[in-house]
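Chemist: Quick one: structure below, then a few questions.
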Amino acid sequence: MSYKSIRNILLLILIVASVALNIKSIGRYFYPIKYSKYIYEYSAKYNLDPYFVTAVIRTESNFDFSAKSNKNAYGLMQITSSTGDWSAKQMGIKNFTTDNLYDPEYNINMGCWYLGNLKQEFGSLDLVAASYNAGRGNVKQWLSSSQHSKDGKNLHYIPFKETDKYVKKIRVYYNLYKWLYSK
């Protein structure tokens, strides 16, 4: 084997070792937790896993506070005006406007409250994610149907393809953020 080949192999080993030793740092670069102050604060307030909240924000808006969907959902956590209005009343917030949903702290506070409300009702994070996307009424209906739930507590089939994909995406991001940022 030539000197050049040995040098290239050693260089490759060094690069692979360097990447392996720094994989979490590299992952954190590509998957940052933007607005972490608010995520940690309001996750704790509403008894949520901050990595789950981060996964929801990543999936909903990719951390774009000015995001607006074609379904008229606003901000980081893509809250609709009707959900925002209802949540504001439940939270005791006065003078709700849709424009409030573009404020990162306001949006994360309300989104975490809503996720916490869903968690109290459904328990599992998969059901919370499904109800956040498809609505709690649909999830209740699916849980009461033997076509979708064998035990009335978990879904073995989600009839909305968008929601099924959403739940799987949330799970992937949740596990990724948990792995990258857990101590």
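My numbering puts the first residue of the sequence shown at 443, with every later residue one more than the last. Even for Gly, the Cβ is constructed at its ideal location relative to N, Cα and C.
(1) Between which residues of its own chain and residue 476 is the CB-CB distance below 6 Å, once the five residues before and five after are set aside?
(2) What's the gap between the Cα of residue 571 and the Cα of residue 451?
(3) Excluding the five sequence neighbours on either side, which residues of its own chain have a C-beta within less than 6 Å of the C-beta of residue 576, listed in chain order?
(4) Which of the three DSSP states, helix, strand or coil, is assigned to residue 522?
(5) Grab me the residues of residue 538's own chain with a C-beta within less than 7 Å of its C-beta, minus the 5 sequence neighbours each way, in chain order.
(6) Should the stretch 513 to 520 be regarded as contacting the stretch 583 to 600, the criterion being three or more beta carbon pairs within less than 8 Å?
(7) In chain order, what residues of the same chain have a beta carbon less than 6 Å from the beta carbon of residue 598, not counting five sequence neighbours either side?
(8) Using a 10 Å radius around the Cβ and a threshold of 16 neighbouring Cβ atoms, would you call residue 509 buried or exposed?
Modeler: In terms of the structure at hand:
(1) Within the sequence shown, residue 476 is the residue found at index 34, counting from 1. Apart from sequence neighbours up to five positions away, the residues of its chain that approach residue 476 with a beta-carbon distance below 6 Å are 505, ordered along the chain.
(2) Residue numbering aside, residue 571 sits at position 129 when the sequence shown is read from its first letter. Residue numbering aside, residue 451 sits at position 9 when the sequence shown is read from its first letter. If I take the Cα positions, the gap works out to 46 Å.
(3) Mapped onto the sequence shown, residue 576 falls at position 134. Answer for residue 576: 602 and 605, listed in chain order.
(4) Numbered from 1 along the sequence shown, position 80 holds the residue referred to as residue 522. Under the three-state reduction of DSSP output, residue 522 falls in the strand class.
(5) Position 96 of the sequence shown holds residue 538. Apart from the 5 residues on each side of it in sequence, residue 538 sits with its Cβ closer than 7 Å to the Cβ of 526, 527 and 530 in its chain, given in chain order.
(6) Contact between the stretch 513 to 520 and the stretch 583 to 600 is absent, because fewer than three Cβ pairs lie under 8 Å.
(7) Within the sequence shown, numbered from 1, the residue matching residue 598 stands at position 156. The beta carbon of residue 598 sits closer than 6 Å to the beta carbons of 592 from its chain, once the five residues preceding and following it are set aside; these are given in chain order.
(8) Position 67 of the sequence shown holds residue 509. By the 10 Å Cβ count, residue 509 comes out buried.
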